[in-house]
Structure formats: structure tokens, C-alpha cells
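Step one of this worksheet: look at the structure below.
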Amino acid sequence: GTRYTPRGADSLAMLPEFLARHPEAPEGHSQGFLACLYDLQEMLRVVTGMQGISLTPAAGAQGEFAGVAMIKAYHAARQEFERDEMLVSAADHGSKQASVVMCGYKVRSIPTKPDGDIDLASLKTMLGRRTAGVMLTIPSGLGVFDRGIEAVAALVHGVGALLHCDGVNLTAILGKVRPGDMGFDVVHLDLHKGFFAPHGGGGPGAGPVGVSASLLPYLPVPIVGLAGDRYSWLCEQERPESIGRLSAFAGNAGVLLRVYVNLLMLGREGITRVAEYATLNANYLLKELMKAGFEAVHPDRRATHEFGVTLRRQVRELEVSSRDISKRLLDYGVDAPATWFPPIFPECLLLKPAETENKETLDRFVGAMKSILKEAETDPDLVKGAPYRLPVRRLDDVRAARDLDLAWKPANG
Amino acid sequence: GTRYTPRGADSLAMLPEFLARHPEAPEGHSQGFLACLYDLQEMLRVVTGMQGISLTPAAGAQGEFAGVAMIKAYHAARQEFERDEMLVSAADHGSKQASVVMCGYKVRSIPTKPDGDIDLASLKTMLGRRTAGVMLTIPSGLGVFDRGIEAVAALVHGVGALLHCDGVNLTAILGKVRPGDMGFDVVHLDLHKGFFAPHGGGGPGAGPVGVSASLLPYLPVPIVGLAGDRYSWLCEQERPESIGRLSAFAGNAGVLLRVYVNLLMLGREGITRVAEYATLNANYLLKELMKAGFEAVHPDRRATHEFGVTLRRQVRELEVSSRDISKRLLDYGVDAPATWFPPIFPECLLLKPAETENKETLDRFVGAMKSILKEAETDPDLVKGAPYRLPVRRLDDVRAARDLDLAWKPANG
Amino acid sequence: MLGAIGVDSIEALFDEIPDRLLCGTLEAMPTAVSEVDASRLMSARARLDGVPTCFIGAGAYDHYVPAAVWQIAARGEFYSASAPCQAEASQGTLQLLYEFQSMMAALTAMDVSNASLYDGASALAEAVLMAVRINRKSKSRRVLVPKSLHPAYRRVAGNIVRNQGIVLEELPYDPAGGHIDPVLLQQYDGLDITALVIPQPNFFGVLEEADTLVEWARVNGAVTVAVVNPLSLSVLSPPGEWGERGVDICCGDGQPLGAPLSSGGPYFGFLCCRQAFVRHLPGWIVGRTLDVDGKTGFTLTLHARNRRTRRSGAASNICTNQGLMVTAATIHMALMGAEGLSRTAASCHSNTLRLGERLSMLPGVSIRFDRPVFHEQVVTLPVAANGVLRTLAAHNVLGGLDLSRDYPELGNAILCCATERRTAEEIEIFTGRLERAVALQGGAPCRLQPKGW
Amino acid sequence: MLGAIGVDSIEALFDEIPDRLLCGTLEAMPTAVSEVDASRLMSARARLDGVPTCFIGAGAYDHYVPAAVWQIAARGEFYSASAPCQAEASQGTLQLLYEFQSMMAALTAMDVSNASLYDGASALAEAVLMAVRINRKSKSRRVLVPKSLHPAYRRVAGNIVRNQGIVLEELPYDPAGGHIDPVLLQQYDGLDITALVIPQPNFFGVLEEADTLVEWARVNGAVTVAVVNPLSLSVLSPPGEWGERGVDICCGDGQPLGAPLSSGGPYFGFLCCRQAFVRHLPGWIVGRTLDVDGKTGFTLTLHARNRRTRRSGAASNICTNQGLMVTAATIHMALMGAEGLSRTAASCHSNTLRLGERLSMLPGVSIRFDRPVFHEQVVTLPVAANGVLRTLAAHNVLGGLDLSRDYPELGNAILCCATERRTAEEIEIFTGRLERAVALQGGAPCRLQPKGW
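Residue numbers (the numbering used here), protein chains in the order written: chain A, 873 to 1285; chain B, 873 to 1285; chain C, -4 to 448; chain D, -4 to 448.
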């Protein structure tokens, strides 16, 4: 859902000196800015439990790429060129596939058990000398915390491979349990998800990566270093084993400043509160929806900050799709569920109530779901025709992709 | 109508140093701020043609009061205590009455001729040894420029009285003709009307006063002075004949800074353009409404930036009031005419298209007026029941004033 | 468009203006500059003034305003909204004003509030005029105004009411306590006094014996007018509860509720009163009512024009409000809550006490008055304040307000305030700089032994 | 809510996490500070950095951004909007992106644009990957990248495409002109070259012979990738019109279109191409379509996931865009218009030329290249740049970028840019300071006679 963006952080990140600072300004004119980034690196190190942080990736996907590229560099340094496979959890987001291919690896998919945890037996058979690494999202793409994570880490490390964490869902466990403590070698964060960077209709984001000791030399540059009381940039020259830079300067610096101020104001107590409220909201919503007759994807598991609801029964019985229901929700003025992935769970809604929502909003959402269920039973066409109350009705996506109109032209305007 | 507030001026008036400046900051920490106010005084002196300016009045009404108070102080200094009457144009705004009484004067009303100009013959009979001053709005409250203004000034000064100008409508003639050149002794401006201070749903405004040489000593304090290259405040001590201060510090300083930047960016050319576009819009709208069958209050006069349309005929024939029509206009999404004063012209709409409106908007307004006229002919109840398309329908003002509910109370909430 | 009007040029539209009056090109008015040039000029001027560390209060306080306040208030919907003449099209503005009135009434414990006036000083003038209108029994138009009230407020009120035969009579303050000694009022017992003004805290930051003063006024038939700092009400007893029945009218400046210092304005004045006097209340007032369908809505009510002509004399010409400042104040109060306001007030207060403690450890420096204060206090220096403050300012510290112009009887006195924004470090810097500045003026060059031994 | 869930405490909701993994209180994480404390810290840090006068360009330009741009873009409706997954509920965001695509297509004279990428450097990487996908005939995966292209762009592109078997081959620049001498390309005639990258202006500000380069690529079957400064397109010929048929792909950084310098980000990358290649275009793309009632609407189309799996290898994992920066750029372009952009470009350009003239009058200082430039140029100093720049910075002037790290062959060279914000006075100050700084390093201590005599 939409998240409130704290305006205080916003204003402080936009102090005139910060807005006017040229990326190539000499370090003598950069101590204030560098101090903020350094402190942010330290904070992220603490909350992830990793040994080192690079803030430079511009978004989660770039952080994900950086993680895989570092694993590649690690094995290359060890001359282990036979490692050409990355194992990816089947419940995960589609960008992983591309990030892996970008690094020249092949992808293999690890099955999950019906309870949502990784199938350790299958994992064991897949791991081997060709395994470069294993990529998991914690909590998973369907919002469960993998209870066997320690065993997974032990197995992965046992074959000399590394464990890669997609931290997009870390919000749910911030201040409770850390990727570093679970045995991950690399984690990438998504600062406009859990750390209150403004969403901006898509971006800009920021996707810092944190690494264990084994990957430290490979972190993307620039990184901020501290010697005595002097901050400085560590770049290609200072860090020759780095996978290098991923943007012309230092990534989305303005976003990083906002996140830094947010973390200052949240503090130790606040980050845990975010996790707790997000988890409370998700579990409450899950229980209320189950009471209302909806079926959870993982009914016997705790929700983290999100969970899946499957509409298989409704789709089968009522001739409406989960897409219809999500469009109809728009008419009720409730933020519709993000989408209907992961593909292994068809006709599934992924629900992710923000930690800033109150009980009233959650109850309204449950009410809307109940009404729509009733509508689907009595008048399925109503639901299939949704939405009705927005500036446009259901848009023709097929036409959009077929009769491409991507730029206004004076001639055909 | 609503006016666009230039955001550039806004940002520059809110530079951190200006926002943080304490009103009692020493002059050594105030040269930048004082330079802005001094320059603004000079600019307003040029555009009004007056000899001196005080920026301190917080709004037009306070400027109006300051003008009358200065006239009082002027006559008192000459020991002419028998002057106890102020003559006020009958076409003018209600606050004049109160401002005059606040200064201990009696009010007498000067009639206007059917063409809207002051009736010089009547004026002559009213002027005398008891006349302290004469108060006019230029252009008048119904948007005509008094062609006999020089004769009026001569008559007023002939009996030793002073001429007071309400500058609320000066926008219409800015850069064309100046109160100082017309013979006015005092003029008060309304900076959130013609000078782009933000409207803010009512305020804050600013109401600087300009005076002729005779009233210079009495200007309200503080004023900004310049000696060599050093700016300083001139207060009670430096200006012992002043009518004194009207607010705790220097008035709505932040508004004054905005107006200063706006005037910088408008420049000499820009202020004339504002007057020209406002006048063009008003005359175009007047002509189009007359073509559409509406009756002008002063059909044979040029409109300035505003003009009156009388609905007497419609009200008589169609059983709808001008108030009904103005409420119905809201349904058409056009800014409804301000209100139905002055009281000497009942059932009259005062139309004041902003200089920033384009032809399309004006035509839409004419279209709306035509439609409403047709509605009033065919279905008067429709018009009487307006508005329909706003968050609330017609509000019960009588109930509001009778069953007073001015603050939420937990008990009766 | 010219064609439709039937003229050849825009100039023709100005043909009713006599030619000899036309002013031609105004050569003395500068030509237009671009936004980037304006930005360069304004930035340079802003830099001239800098951002010194501010220990001046005296009616304008350097409080922190949460960023959300102005980011919301500056939205075009509020910022450029026209006056709510057409209530049906202005429900947002009007409901906000109603919420503001509700919050101010709650904060002051008064029955009703208007929708704001220009500033605190002019609000006092309006309160005095209102007191005269209310107190029909009193013929004297004598209003007692303590000298411990802000000097600018006293001047402004005098300037505005002067021509209506109203006499503002100065009430001295107790030289030891800095407050109005209630005993002093005995000289007015039984006389025709129209109103008594009670500042709380007063200009010196000193707390008045408000309950006793209100009771004296009640017994003597004087209308009571409280002048308060709204932030103080989150920790002090509100005027609606002073004495047995509270005050009749309460006013003040809303600056501490979200307005930046901004060289003294725009701020806003507020004015609250008993329900019984609401029809004498000047300025805009918003009422809750119903529309023709019975739905709740808001509208301007008790139109000022009707109210002010009710009784000749004691007139007011208020036509507007400080809308945008009220918008910010309403957001500010909603965001801070009672809890946030009292936390800020407490933090200011303790900072000021700490400042007083530190300063008064310097030789020859002392706290002037022995009564309790709220978040501001008078400090006496061993040498003339003027020079010391100038030296401090040269080191970017605004050390307080020099009282010698308005209160020469207080000697080398300054009025100091340390808001919640001032740090312990800044207080130490001030203390250190003050010590040196005093020494520089030959005040107490050497410090033989710690003070208080 | 806990009751409804059936647990006693929030902690219970975390009971699936093995106890031994719980991290406890993170003592190393600081405790929360209030907004006012955060404000104090950040202001102090901002003051440390100051606002020096900036003559550095090199990919990030100190342009003036009209205040309206960010006041509109920062409205909550844009600022906090979620990604437009549900098109029907995101028409504002989507139409804005469509307008952006339209404006970028018009500015570059290309057929289509995507809805932005992270920055210019990563956009180049995407452009290279796209060129490899497009050029099915080429098997070499050799891409010619001129050394006159921004060094960071070259590094980033290399880092991103390195693992997909793509070779970026450096093309030297002409030592006199600072451009790619087309004669140099003859060595590649007839070879399998997948793509040729053409910067315009190049990193040195020098204009390339774009038409000739594009024609060479066409004849030799290489896909052309232009890397441009979008502001320059308001005065230079757009890539869609280079050579006979224009380039195939065009990318660059959108910073000059409304993004503050902000330490290097967030900016945004843009990527445009011919209609024929649109299905290879990475990133979000918005299309205009109809709803079920036939009304016009906008939606994300050609979903990236489909596009990127079309051909194995040359993959891209882009999932998002730089929405807010694009919002600002769209407002900026709409507000400035073609006219405003070209006025800014011309003003930057003439400022830089003036700067070059003034500097090159100093003894030992000269303009490095003899080819025409756009709004940026290389200046050679008589002494090491490093020390001179440090001296200038101590006087609050950032005099340019030291080229000795990336281009040691250029000697004591710096890259300078004077945007429209730099005044004649600032240019004089720079000149004066440079003269003294050079003298200080013993470069040319005494100036016997005016240069050029």
C-alpha cells in the first residue's frame, strides 16, 4: 500500500547545501555529507548484522545484481570457474532470473514445501560443485519466515557456495532477526519499501547491499571510509577487487540522506516498532479474512508483514478472477493488492498492509472483501466489469501492447 | 477569482535566513532584509506616485484606518478640530464606515451620477470647514474610472480637506495613471489583491499606505531608512509625529518579501501588462455578456478590471435572485462572482476576471451564464436549489447565526 | 478579443483616463529580472543577515516547526484559495477554521474563538474595543493596562483605540517581583473601570497573580482581558479557569503555534470570549450548520458588518483573517497534540532556567525578579546592555532584548529566552561570550572567587 | 487486535523465528532523536559543506530549477504515490509518464522513449545490452566505446555488461581536437562490430562529427548508440537526425532537466530508440489505450519481464523507474518550453566561452582542444591541477574537475563549466583566484606583458 513519507526527513535532506553539493566536490567541502552516508552505512550494518555495506545501488534490482556479481567475483578469485548455477527459490520475484543471467549464471529453481519453507531434501540434491550460490527472500515472497534457514545456510556453505538474501521484505523482521546472524553472505535492501524513502510513483529508490566478511573486498564502489576524524570516498583505486561502480556518481544520494534522517528519528526502538506494527496488521488482517471465509495460502503459518490469500475456490465456483476482485476493490477506495504473483500460486492475492495503517482501515478492507464476495455470488458481471468509480474503466492492455501509442505526435494527435 | 501565486517568489521569501530572522535582530544582522523592504518602499512610491510609503499595515482595512488616522493627525497638528466629517462615495465598501468611526469622524455619503462618476455638484455643497477628507476608490467599487477626478481633487483641496484613495482596485490602472498624479494625499494598497501575495483563504495580506508630502510626518512606523549604504529602522523615536505602530513588529514582513520578489520579476513592463490583461479580460467579458443579453450597470463606460452586471430584469421576470444565479454558477465549476454589493445596486453581480485567465475560461463563463439564464426561464426551481455538485448543498445561514455552533465540544459532538 | 470589444489596441481601453494624467513609462521602476537573477539577489541578501543563535523572545519565539506543517499548508488548495465568500465552494477552508476555533477554545478554556486577527497586538486593541462594547454599565472608558505588558502591544492598542475616547491607564509593576501587586489595585476600588488587562506570563516572563486579579475585576465590575502565550497554556492554568469564573475575553499572538520568526510576521492574533459576548466578537467566525438536505456544513456567520454597527463607537473595521497562518497553526496543533505542546513548553522553560542559572554565576550578573517565570526572564548585567549585546552579535549570538529603551528604571537589563531549539552547548557559548563581553566593557574584569561563596 | 489474532503479545507473532537467532536490543543502533534534534544535526553538517561557487560540470550541472517544479512534484499525490500496478487507479502518474515519453521523443527526434532508468551511466549499459539484442547479425559482441566518453559511464557500462561476454573496445580521441577522428574508424572497416557509441557533446565538451560516425556505422552494420546531454538538444541537432537516418538508440542523463545536483543523485537515465526496436527497450513503458467504454487511458505496456526473456543473454533486470525525477523533468520541460531550454543552453554556453576567454588570458593557461565545444571545455594549467584546485576550494571556488586521474596524457588539465547561474563577477573572481593559485605554485609568478602581444 501507499506509505506516508515523513516530511521532516524530506526537508532535512533538501537543505540548500545538500541540494547544491556537486558529486565531484572535494572532500574538504563534503565532510558533512560523507558523515551522513558513513553513519547510514554503520546503521545498516547494525540492523542487517552484516560486515560491510555499500550504499551505491540505485534500486533493489541493482542491489540484487551487485550481490550476484560479488558472488561471481568471489568464486573467480578462487578460480572456481566450474560454479555456473544459481539456485533460486520457486516462490520468488521474477527479476532474480534476469540478475542471474546478467552475471552469466544458469538458474535452477528450488521447490518449497506446502508450508512455505524451503524443501531441504530437494535442496540437498541440487547443491554441488556447480553451485555458485542460493538466493532466498526472507521473509519469503508469500510472507513466511523460513524456519529451516540455519539448516539451509549450513548446507549451502557446506558445498562452498554462498547464500544471497533478497531483503525486500526485511521490514517485517527488522530489529528481531538479522540476515548476518542467519548466515547470509549478501543481502540487498529496498529502501523505498521498508525505510520510508518516498515512493514517487515508482522511484527513485535505493538498494544498498550488505555482505559477510567473505565478500567484503568485492563491494561496489564508492564507499565512505573514515580515518581519524576525516571521511573520504573509497573508489576503484582504494578497492581494486571491487565489482566497480554501478552509477556515474554515488547512486541516489538524496534518497540515502532521507533514509538516514528517517533512521535517526526512528532509532533503535522505532525500527522494531515498524516490524511489530507491520506484523500485527498482517496477522490481524489474515485472521479477519479467514473468519470471513477466505482461504490463506499458508493457513497454519504466522503472517509476517504480508501474506497470500488464494481465491481458487471463488474463481472455480463464481466465474470471477482474482484480477476482477482486485479491480473491484478499487471501487471501494481500498488500495488493491499489489498483484497476483508468485506464479506458483495462481489466483492469489498478496496482501501487505503498511505498518502505518490503523485498525479502522483494515476493517474497512475486510468489509470490502466481504461485499465483493457477495457481489460475485449474486452478480458476477458487476465484479467482472469493475472498476466503475475511477477516472477510467477497465483498460484494454492487449490493445495497448498491439496498437502501440507511446508518444504523442502532432500528426495523429 | 483565484489567482496563481508565483512559487518562485514564495521560495525566495522563505530562504532559511529570512524565516529565521527575529524581528528584534540588530540592524547589523538585518541589512539584507531591510534592503528588500527599502527597495519595496521605493517601488511602491514609483508605482503610486506618492512621496512616502509605510509598509506596516497588515491588510487593506488597517491601511485604510491608517490613512484616516493620518488625516486626523494632520488636522490636529493644524489645530483644525472643527473638521469632524469624512465624505465617502456611496458606491464604496462597508469597511470605510467603520474606519472613519474608529478615528472619531462622522460619515457622509457622496452620491454618484448614473454614469458612475462622482456628482460634483453635490460634492460642492457637502464640502466645507467641517470636512476632514474625502474617500474614494479608484477605479470605483463598480469598476469605472472617475473622469472628473482632477476636479474632485481641486474642490477637496480648495476647502483644506484631504483626498483619501482606496487602492484595492489599482491593479486595473497600474503603470497607466497614479494616485499621486491625480491629487490623492493618501492611498492604501491591498497586496494580496493586485500584487500576487498568496490569498491563503483570506490572508495574510498586507496594506501599505502611500502619502503626499503633507502627510509624510504621520506615516505609521516602522519605516526603513537609508543613510549612506546603511539601512535602519525609523521608529517612534525617529518619527515623533507618526500615528505610531499598528502591529507588534513590522507588519506581515513575509508577505512583503514575496511581493518584493514578484515586483522584481514583473518589473516596469510586467506591472503594466497586469493592468492591461486585467482590463482586456474585463472588457471582453462585459461585451460578451451584453451580447448574451445581460445588462451592464454602466453600459456606456469602459470596464476597468471589474464591472457590474445587474440582474434586476431577470429577478423581476424569473423569480430567481442574483444569489441563486451565483450559487448555480458553482455547479458549472466557474468561480462565482464575489458577492452582490454595493448595496446601492441590488441584484447585481460584480465580475472581476483575473489577469491570468485566458479567453477559453472567459468564454466558458459566458456559456455558463447563458445556460443558467435558460434554466431560470424553463426551470427556476433548478436554479433556486443550487448548488448540487459541491460537497454540500445550499447552507442554512439563518440556522448558523441562530443556533450558534462555533466550537466542537466533546459533550454535544 | 480586441475585435469582440470593438477597439484596435489595448491602449484604447484606457481612453477614459485624461491624457495629462497618464504616467508614461516609469523609468524609476526597474525592468524585470528572471527567477534565476532574483534568486541570486535574494540569496546574497539572505546571506548578509545569516542565522545567528537567537536568545531573544519578547513576543516572537524561535520554535521548531515540524516540516509537515508548512508542506501541507503550502499546498495550492490552501495557499491560493480565495476568501470563503461562497461557503458551499469553500468547505475545506471553513471546516479548518471551525477546527481552529475549537482548538483555541479548548486551549484557553473559553467558550468561543474567532477565526483570527492580524497579530497579538492588534488583537489586544480589538479586545479593548470589545470590552468597551460589552461593559454597558461603565461610562468611563478607562482601561487598566499593566506596564508589565509588552510595550509594543500597549502602543498598538493605544494607537488604534485613541480616537474613540478610550483611556489606557498604566498600572505599575512591583519592582521586586516584576508583576502587578494586587495591593496596588486597591486605589481603584469602587471606581468606574471599564476593563482590566492581565498578561500571563507578562512581558518579563513573570507569572501574574491571575486569580486574584480576575476576582478584583469581578467585584469592581471591570471586564477582564487576558493576554496569553498560547504555548504556555499547555502547562499553565488557562484563562477560562482563572478566579471563580474565568476571564471575559482572552487574546494573544499565535506565533508559537507554527509560524516561523520571519521578521515579525505574518503571525496571527487570536481572540476568545464567553458565549454571552459572542455577538460582540470581531473578525471572521465560522459556524457549523446544515444544508437543505440536512447534511453538516460550515459557513461564515455573525457577519462582522452587523456586529460592528450594533453600537456606535468602539468600532472595528476587521474584514479578513490571517487564513494561511491559521491553517498552519491548526495542522501544528493537530500534529503536536496536547502532549507535544506541553513537551515543547517544558523544554523551553527548562532551557531558560538553565540559561538563567549559568548567566547568574557570572560576576555582576543576576536574575532581576524574584517571582516565578515561564520560559523567559530578565537578567541584569554589570555594564550597559547595548554594548554587550553588540559584542555578542558580532559573534553571532543574539543575547536578548535590551530593556533600557522601554524600562530605563531596570538599569542594565536584558530579556532572555532559550527555546527548545537552544542546546546546552549554545547556552555555554552564550555564557562564555557574555563573560568576555562584560569584561571587555570593564564590568567585572577579574573574578576573584566563585560567586555564591 | 491481539485478541482477534489469539495471541497475548506482539512478541508471540514472531514465534516462528528460532530463539537463538533473535538479535535482542541492537545497542549499536542509536536511540531515536526528535525532529528538532535531527534538524540541528543535519543543519550543522550541511553548514560544514557550505555552498561553494561551482565550475564543475562533468555530467552534473548546476542549473537553476524554477521553484514551481519541485513545489508541484513534491505534492503528496506524486511524492508518495505507489507504483502504477493498478493502471485504473494511477492515471495521473501514467499520463505524466506518457507526456514524458512524448517530450523525450520530440527532444531527441527519436520514435519512442521509455519511462526512465536509474541514471545516464546505467542507461548506457542498458543501451549496449539492447544493441546486442538488436544486432542479430553480429556475433562478435564487440562494442566501440570512445575514450572521449565520460569515464564513469565507461566503467559502469563495463561493470554491468562484463559477464555477458560483451567487449567494450576503447576508441582513442584525436589529441588536437579531443574528438573521435573518423579516419581512425577505418581500421574497423568490414569487421564485425556490434555497436558504436557516440557521445555528443563528449566528456571534454567537444562536439563529435556525429553525422560521419553514424554513416560509418550504417555502412558497417553497427548499431549506433548516442549519449547526449538533453539540454544540448535544444540547440544542437538531435540524434534522430544525425546522418541520413539518425541513430538507432539514444540515451543520457536527465539531470539537466530539473534535478538538483544533490551529490550525484537521484537523477534519471533516459533511453529512446527507433520504433522497430521498441520491443527490445528495457524499463517501464507507458502506452495510450482505451477502456471498455472507449475512453482514452494509459497503462504500463510491453512488460519488461516479457521483453527481457525474449532472447537469452544480453539480459536486463530493470523493475522500476525514477518516477519522481521524471515528474519533475516533465514539469520542468513544460514550464520552460523549447524556448526556455534553448535560452538556458545558450546562456551556459556563452558563460563557458567567456570563462575560457578570461582564463586563457592568464600566462600558461590555454584551451586544450581546437574543436567547437558545447558549454564545457578542457583548460590546461601551467602547474599541477590538484594543488591549484585545492587552493581555489579553500576560497570557496570549485574550479573544475582534475583530469589527471583519467587522462594523465593531458597533463595539467581541468574540465570547466559555467552554467547560466554563474555571473560575470564570479567568473572574474575565479580568474583572479586562479592567477594567484598558479603563482603560489610557482607556475608563472610574474607576468611580464599581457598575453597575446
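From the three backbone atoms N, C-alpha and C, an ideal C-beta is built for every residue, glycine too.
Proximal residues to residue i (C-beta, below 8 Å), its chain only, five neighbours per side dropped
| i | result |
| --- | --- |
| D:Arg300 | Because the pLDDT at D:Arg300 is just 49, under 50, the model does not fix this residue reliably, and the value given afterwards should be weighed accordingly. Nothing meets the Cβ criterion. |
| D:Arg302 | Reliability fails at D:Arg302, whose pLDDT of 47 lies under 50, so the model's placement of it is uncertain and the value that follows must be treated cautiously. Once the five neighbours on either side are set aside, the close Cβ partners of D:Arg302 are Arg274, His275, Leu276 and Pro277. |
| D:Leu8 | Ile0 and Val2 |
N- and C-terminal bounds of the beta strand (DSSP E) containing residue i
| i | result |
| --- | --- |
| B:Ile925 | Gly924 to Ser926 |
| D:Gln372 | Gln372 to Thr375 |
| B:Lys978 | Lys978 to Ile982 |
| D:Gln195 | Ala190 to Gln195 |
| B:Ser961 | Glu957 to Ser961 |
| C:Val220 | Val218 to Val223 |
| D:Leu390 | One detail in the question is off: residue 390 of chain D reads as His in this sequence, not Leu. Counting along the chain, D:His390 falls outside any beta strand (DSSP E), and DSSP gives it neither H nor E. |
| D:Pro141 | Arg137 to Pro141 |
Anticipated Cβ contact below 8 Å, residue i with residue j, distance rounded
| i | j | result |
| --- | --- | --- |
| D:Ala122 | D:Gly241 | Contact flag wrong, Cβ pair sits at about 15 Å. |
| D:Leu202 | D:Phe369 | 6 Å |
| D:Val162 | D:Val138 | 7 Å |
C-beta atoms of residue i and residue j nearer than 9 Å
| i | j | result |
| --- | --- | --- |
| A:Arg1019 | A:Asp989 | yes |
| C:Arg353 | C:Leu405 | no |
| D:Ile193 | D:Pro141 | yes |
| B:Ala892 | C:Val46 | yes |
| A:Val1031 | A:Leu999 | yes |
| B:Val1127 | B:Leu1063 | yes |
| D:Ile244 | D:Val209 | no |
| D:Met98 | D:Ala408 | no |
| D:Phe296 | A:Ala1279 | Going by the sequence as given, residue 296 of chain D is Thr instead of Phe. The answer is no: Cβ separation not under 9 Å. |
| D:Val360 | D:Val433 | yes |
| D:Ala68 | D:Ile424 | no |
| B:Thr1176 | B:Phe1017 | yes |
| B:Leu1061 | B:Pro1080 | yes |
| A:Asn1153 | A:Leu1234 | yes |
Distance cut-off 8 Å: residue i Cβ against heavy atoms of the ligand MN
| i | result |
| --- | --- |
| B:Ser961 | As for the ligand MN, it is missing from this structure, which has no ligand bound. |
Pick from the options that is closest to residue i, judged by C-alpha positions
| i | options | result |
| --- | --- | --- |
| A:Glu1219 | A:Lys1242, A:Arg1200 and A:Ser1193 | A:Ser1193 |
| B:Pro1171 | B:Arg1185, B:Asn1155 and B:Met922 | B:Asn1155 |
| B:Leu1091 | C:Leu166, C:Asn154 and C:Gly278 | C:Asn154 |
| C:Ala379 | C:Pro367, C:Leu393, C:Ser399 and C:Gly394 | C:Ser399 |
| B:Ala938 | B:Ala1069, B:Ala970, B:Lys1231 and B:Met1162 | B:Ala970 |
Sequence-distant residues of the same chain with beta carbon closer than 7 Å to residue i, five excluded per side
| i | result |
| --- | --- |
| A:Ala885 | Gly1126, Leu1129, Arg1130 and Val1133 |
Residues near residue i by beta carbon distance below 6 Å, same chain, minus five either side
| i | result |
| --- | --- |
| B:Ile1021 | Met1054 |
| B:Phe1237 | Val1206 |
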